[in-house]
Structures are given as structure tokens and as C-alpha cells.
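Scroll down for the structure; my scribbles are underneath it.
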Amino acid sequence: MNLYTCMIDLRNDGVALKFAKALDDWMGHLKGKGVILDWQLYRRKLNLASDNHRDFLLQIAVEDMSMLDQAFRTLGGQDEEIDKLYRAVHDQISNADFGLYRPFPDPERAERMALL
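Residue numbering for the sequence shown follows my numbering, starting at 18 and increasing by one per position.
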């Protein structure tokens with residue numbers, strides 16, 4: 018399993034519960050299509066975090082890189098429902114930082130992989 022993580026700040030006019038509902042709709046759609054395994058949204062508590070941390074942390078679980086690729090391909094399709102669900106989330110975000118994590122230690126030792 019791999020975790021695609023997103024640290025998120027909402028726009029000044031963003032409403033946290035509206036964002037959480039829109040995200041639930043969007044992630045539920047992706048999970049229903051089988052392009053993600055699961056997801057979890059967290060919010061900073063008591064403003065206890067460094068300046069490097071954003072207000073929300075979203076973790077999206079995928080099986081492997083091909084599943085993550087399929088999730089991205091789903092977004093790129095010509096589908097009005099997908100566009101509506103995506104926009105309902107994306108339009109509320111002012112800043113987001115992303116990262117991809119894997120369990121460690123792992124048998125692949127990805128640090129050693131290279132095509133050249």
C-alpha cells in the first residue's frame with residue numbers, strides 16, 4: 018500500500034464542513050470506481066503545528082503506482098459528474114502540498130531504482 022498525502026489550507030471564504038462534505042463525495046466516488054483503496058481526512062487540533070503544516074491532512078491509500086495512475090486518469094476523463102465533484106473540492110483550496118509515501122523498510126528498496 019502507498020499513501021498519497023495532501024496538506025491543505027482552505028481559501029479565506031472556505032467553509033470547513035462544506036469542504037469535508039465535498040471531499041467525502043469526491044473520495045467516495047473514486048473509491049466506488051475502485052481507483053483508491055481508502056482515504057482519511059484530519060484537521061489540525063488546537064492549532065498545534067509548525068508553520069510548515071497546513072490546516073488539513075488528507076491521506077489517500079492506493080495499492081501501487083498503477084492504481085494511483087488510474088486515479089489520475091479518472092480525473093482526466095470527459096465526465097461532467099467527475100468535473101463537478103472535483104471542482105466542489107478544488108475550488109475551496111488555497112494551498113496544497115503533496116507527497117507519496119510507502120511502508121518502510123520494503124522489499125523493493127525504491128531508492129536504488131533507476132532507468133539509467
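Idealized CB from N, CA, C, for every residue including glycine. Every value quoted in this text rests on a predicted model; they were computed, and no experiment measured them.
For this session: Return yes when the Cβ of Val106 is within less than 7 angstroms of the Cβ of Ala39, no when it is not.
Result: Counting from 1 along the sequence shown, the entry for residue 39 is found at position 22. Counting from 1 along the sequence shown, the entry for residue 106 is found at position 89. Yes; because the gap between Cβ atoms is below 7 angstroms, this pair is in contact.
For this session: Alpha carbon to alpha carbon, how far is Pro122 from Asp26? Give it in angstroms, no decimals.
Result: In the sequence shown, the residue the question calls residue 26 occupies position 9. In the sequence shown, the residue the question calls residue 122 occupies position 105. Computed Cα separation, rounded: 31 angstroms.
Exercise. Where does Val79 fall in DSSP's three states?
Worked result: For the purposes of this step, residue 79 is identified with residue 62 of the sequence shown, where counting begins at 1. Val79: strand per DSSP, three-state reduction.
Exercise. Helix, strand or coil: how does DSSP classify Arg60 here?
Worked result: The count along the sequence shown starts at 1 and reaches residue 60 at position 43. Collapsing the DSSP output to three states places Arg60 in a strand.
Problem set entry | Presumed contact (8 angstroms Cβ cut-off) between Ile53 and Ala88, rounded CB distance | Numbered from 1 along the sequence shown, position 36 holds the residue referred to as residue 53. Numbered from 1 along the sequence shown, position 71 holds the residue referred to as residue 88. Contact flag correct, Cβ pair sits at about 6 angstroms.
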